[in-house]
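**Q** The structure is given below, and queries will be raised subsequently.
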Amino acid sequence: MSNKRRSRLELVYDILLSIQNKGGKIKPTHLMYKSNLSHKLLNSYLDELLGKELVRVEDIENRKKKTMSKVIHLTDKGSGFLAEYRRMREFTDAFGL
Amino acid sequence: MYQLFFTPNWFNGLDIFFEGISLIVALLIAAYSLRIYRFTKENRFAYFMVAFLMVAFGLASKMFTSSVLYYHPLREVTAGVLSPIVGPGLEFADLFYRAGFFVEMFLMLAAWLLIFFISQKSRDRLRKYHEVSQMALFIYLIFLISFVANFQYVVFYLTSAVILGLTVLNYYKNYLNTDKNENAFRVMLSFIFILLSNVFFVFVYFYNQFYVLAEIFMLIGFLTLLGTYSKIKRRF
Numbered sequence: 001m002s003n004k005r006r007s008r009l010e011l012v013y014d015i016l017l018s019i020q021n022k023g024g025k026i027k028p029t030h031l032m033y034k035s036n037l038s039h040k041l042l043n044s045y046l047d048e049l050l051g052k053e054l055v056r057v058e059d060i061e062n063r064k065k066k067t068m069s070k071v072i073h074l075t076d077k078g079s080g081f082l083a084e085y086r087r088m089r090e091f092t093d094a095f096g097l
Numbered sequence: 098m099y100q101l102f103f104t105p106n107w108f109n110g111l112d113i114f115f116e117g118i119s120l121i122v123a124l125l126i127a128a129y130s131l132r133i134y135r136f137t138k139e140n141r142f143a144y145f146m147v148a149f150l151m152v153a154f155g156l157a158s159k160m161f162t163s164s165v166l167y168y169h170p171l172r173e174v175t176a177g178v179l180s181p182i183v184g185p186g187l188e189f190a191d192l193f194y195r196a197g198f199f200v201e202m203f204l205m206l207a208a209w210l211l212i213f214f215i216s217q218k219s220r221d222r223l224r225k226y227h228e229v230s231q232m233a234l235f236i237y238l239i240f241l242i243s244f245v246a247n248f249q250y251v252v253f254y255l256t257s258a259v260i261l262g263l264t265v266l267n268y269y270k271n272y273l274n275t276d277k278n279e280n281a282f283r284v285m286l287s288f289i290f291i292l293l294s295n296v297f298f299v300f301v302y303f304y305n306q307f308y309v310l311a312e313i314f315m316l317i318g319f320l321t322l323l324g325t326y327s328k329i330k331r332r333f
């Protein structure tokens, strides 16, 4: 990963990409490590992504431990965002912007 | 009647068609730049959109002025519309053509210069005030060149060729910096074609068939840009 400070849009892209790379669903702790973000920052971004329907959260019951855990899913809109972002990045690279 | 330079008669109309295609390509790129600007809110995309809009309007101005020159009915209509301003005998008809070509030259030069600046600068530099003031100076020079070029058209195409040459160099650097990205190569290639087109335009004065070559190279340049654009849009 580059040392350069990531823009807000790049962070959103990294979060969504991390979910996509794990087959479209990921646990919040894994996502925190994969996207290289603090717990607080990740939660603030997740709230935004949920609001924009780019991801959805599913509560899963662990029957053995009798606890509830969360799984974050990438929505179709989220996949669309990733594709559009890649196209924009390709355009930016091609024209040296 | 005032003409910027004499073009082969058999090609009259075809050049307008070629420029129409280039205009559509320029508008497509401007529209996509606007889309990215709305998405990212980064100024460089807004500048890029403005540059391609200027290319489109510059081409539109040339198309309109050439149409009035080539087609008699359109000339009659334009004469009718302009007669209250320029007088019944159209004594100042030259002024109309000069204004048309001036708008084309000014917009095209400004567009090429802006594209050169964008391809040259790091992403944040154009936001700074001194960069903008520097651009204001260049706009003044472009204004001056466009005016002089109305009397000596070679000045316009020579200046365009120099700016485009420097832009090609920037795009070559970009091609190397992006690990020889295929689309970056295509963009560089398209600007090479547009540069060649401007070089041929310079020599129309000596041999007017060069006008055909220049227009063809311009079309190939914009079609290469269209190919790159559609390849990017189809990906992912």
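Protein chains in written order, with the numbering used here: chain X, 1 to 97; chain U, 98 to 333. Glycine residues also receive a C-beta, built at the ideal position from the N, C-alpha and C atoms. Note that the structure is predicted; figures quoted are calculated from it, not measured.
(1) Could you name the residues of chain X that A208/U contacts, counting a contact when the two beta carbons are closer than 8 Å?
(2) Output the distance between the C-alpha atoms of T175/U and T75/X, rounded to the nearest integer angstrom.
(3) So does the segment 254 to 267 of chain U actually touch the segment 286 to 301 of chain U, counting three or more Cβ pairs closer than 8 Å?
(4) Check the Cβ-Cβ distances between R6/X and every residue of chain U, and say whether any is below 9 Å.
(5) For L49/X and Y269/U, what's the separation of their Cα atoms in angstroms?
(6) Taking its Cβ as the centre, do 16 or more other Cβ atoms sit within 10 Å of W107/U, making it buried, or is it exposed?
(7) Can you find the residues in the same chain that come closer than 7 Å, C-beta to C-beta, to L316/U, ignoring five residues on each side of it along the sequence?
(8) Is V296/U near L322/U, with beta carbons less than 9 Å apart?
(9) Within 10 angstroms of the Cβ of E312/U, are there 16 or more other Cβ atoms? Answer buried if so, exposed if not.
(10) Between D221/U and chain X, is there a C-beta pair that is closer than 9 Å?
(11) Under a CB-based cut-off of 9 Å, is R141/U close to chain X?
(12) Could you name the residues of the same chain whose beta carbon sits closer than 8 Å to that of Y326/U, not counting the 5 residues immediately before and after it, in chain order?
(13) List the endpoints of the continuous beta strand (DSSP E) containing E53/X.
(14) Could I get the ranges of all uninterrupted alpha helix (DSSP H) runs contained in the segment 127 to 178 of chain U, with 4 residues as the minimum, in chain order?
(15) Please decide whether I329/U counts as near chain X, where near means a Cβ-Cβ distance under 9 Å.
(16) So, at 8 Å on beta carbons, what are the nonlocal neighbours of K27/X in its own chain, with the 5 sequence-adjacent residues on each side left out?
(17) Taking Cβ positions, are V299/U and L241/U nearer each other than 9 Å?
(18) Rounded to the nearest angstrom, what separates T275/U and V12/X at their Cα positions?
(19) Name the one or two DSSP bridge partners that K22/X has.
(20) Counting C-beta neighbours from all protein chains within 10 Å, is the total for E352/U 16 or more, i.e. buried, or is it exposed?
(21) Kindly indicate which residue of T29/X, N62/X, G23/X has the alpha-carbon position closest to the one of L46/X.
(22) Count the other C-beta atoms from every protein chain shown that fall within 10 angstroms of the C-beta of A83/X, then say buried if there are 16 or more, exposed otherwise.
(23) Can you check which of these residues, R6/X, D14/X, E90/X, is closest to Y33/X by C-alpha distance?
(24) Return the chain-ordered list of same chain residues with a C-beta closer than 6 Å to the C-beta of S163/U, the five sequence neighbours on each side being excluded.
(25) Assuming S216/U and G96/X form a contact by the criterion Cβ under 8 Å, report the distance between their Cβ atoms to the nearest whole angstrom.
(26) Just to confirm, is the Cβ distance from P170/U to Q306/U under 9 Å?
(27) Between L11/X and chain U, is the shortest Cβ-Cβ distance under 9 Å, so that the two count as touching?
(28) What are the complete alpha helix (DSSP H) segments, minimum 4 residues, inside the segment 247 to 301 of chain U?
(29) Do we get a CB-CB distance below 9 Å when we pair A281/U with the residues of chain X?
(30) Could you check what DSSP says for T75/X in three-state terms: helix, strand or coil?
**A** This is what the structure gives:
(1) By 1-based counting over the second sequence, the position of residue 208/U is 111. Against chain X, a Cβ distance below 8 Å from A208/U picks out nothing, because the smallest value is about 14 Å.
(2) By 1-based counting over the second sequence, the position of residue 175/U is 78. By 1-based counting over the first sequence, the position of residue 75/X is 75. About 56 Å.
(3) In the pairwise beta carbon analysis, the segment 254 to 267 of chain U is classified as touching the segment 286 to 301 of chain U: at least three pairs are separated by under 8 Å.
(4) As a working mapping, residue 6/X is identified with position 6 in the first sequence. It does not; no Cβ of chain U falls within 9 Å.
(5) If you number the first sequence from 1, residue 49/X lands on position 49. If you number the second sequence from 1, residue 269/U lands on position 172. If you take the alpha carbons of L49/X and Y269/U, they lie about 38 Å apart.
(6) Within the second sequence, the letter at position 10 stands for residue 107/U. When all chains shown are included, W107/U counts as exposed.
(7) Your numbering for residue 316/U matches position 219 in the second sequence. F115, I118, S119.
(8) In the second sequence, residue 296/U corresponds to position 199, counting from 1. In the second sequence, residue 322/U corresponds to position 225, counting from 1. Result no, Cβ atoms of V296/U and L322/U do not sit closer than 9 Å.
(9) Position 215 of the second sequence, counting from 1, holds the residue named residue 312/U. Buried, by the Cβ-count rule.
(10) On the second sequence, residue 221/U is found 124 positions in, with the first residue counted as 1. Summary for D221/U: the model assigns pLDDT 47, below 50, so the residue's position carries little reliability; its value from the coordinates is reported in the next sentence. No, D221/U lies away from the interface with chain X (no Cβ there is under 9 Å from its Cβ).
(11) Here residue 141/U corresponds to residue number 44 of the second sequence, with the count starting at 1. Yes, because at least one Cβ of chain X sits closer than 9 Å to the Cβ of R141/U.
(12) The sequence position of residue 326/U within the second sequence is 229, counting from 1. V122, L125, I126, Y129, listed in sequence order.
(13) Position 53 of the first sequence, counting from 1, holds the residue named residue 53/X. No beta strand (DSSP E) contains E53/X, which DSSP labels as neither H nor E.
(14) Counting only runs of at least 4 residues, the segment 127 to 178 of chain U fully encloses the following alpha helix (DSSP H) elements, listed from N- to C-terminal order: 140 to 167.
(15) The residue labelled residue 329/U in the question sits at position 232 within the second sequence. For I329/U, the answer is yes, since a Cβ of chain X falls inside 9 Å of its Cβ.
(16) Indexing the first sequence from 1 puts residue 27/X at position 27. Excluding residues within five positions, the ones whose Cβ falls inside 8 Å are S69, K70, V71, I72.
(17) For this step, residue 299/U is matched to residue 202 along the second sequence. For this step, residue 241/U is matched to residue 144 along the second sequence. No; because the gap between Cβ atoms is not below 9 Å, this pair is not in contact.
(18) Within the second sequence, residue 275/U is the residue found at index 178, counting from 1. Within the first sequence, residue 12/X is the residue found at index 12, counting from 1. Each residue's Cα considered, the two are about 23 Å apart.
(19) Position 22 of the first sequence, counted from the start, is the residue given in the question as residue 22/X. Bridge partners of K22/X: none, in fact.
(20) There is no way to answer for residue 352/U, as the model of chain U reaches only from 98 to 333.
(21) Position 46 of the first sequence, counted from the first residue, corresponds to residue 46/X. Distances from the CA of L46/X to each of T29/X, N62/X, G23/X were compared; the closest alpha carbon is that of T29/X.
(22) As a first step, residue 83/X must be located in the first sequence, where it is residue number 83. Under this definition A83/X is an exposed residue.
(23) Against the first sequence, residue 33/X aligns to sequence position 33. Nearest C-alpha to Y33/X: D14/X.
(24) In the second sequence, counting from the first residue as 1, residue 163/U sits at position 66. These residues qualify, in order along the chain: I113.
(25) The sequence position of residue 216/U within the second sequence is 119, counting from 1. The sequence position of residue 96/X within the first sequence is 96, counting from 1. Confirmed, Cβ separation roughly 5 Å.
(26) Mapped onto the second sequence, residue 170/U falls at position 73. Mapped onto the second sequence, residue 306/U falls at position 209. Cβ distance not < 9 Å, so P170/U and Q306/U don't count as in contact.
(27) Mapped onto the first sequence, residue 11/X falls at position 11. No, no contact with chain U.
(28) 251 to 274, 279 to 299
(29) Along the second sequence, one-based indexing puts residue 281/U at 184. So yes, A281/U belongs to the interface.
(30) Position 75 of the first sequence, counted from the first residue, corresponds to residue 75/X. Coil, per DSSP.
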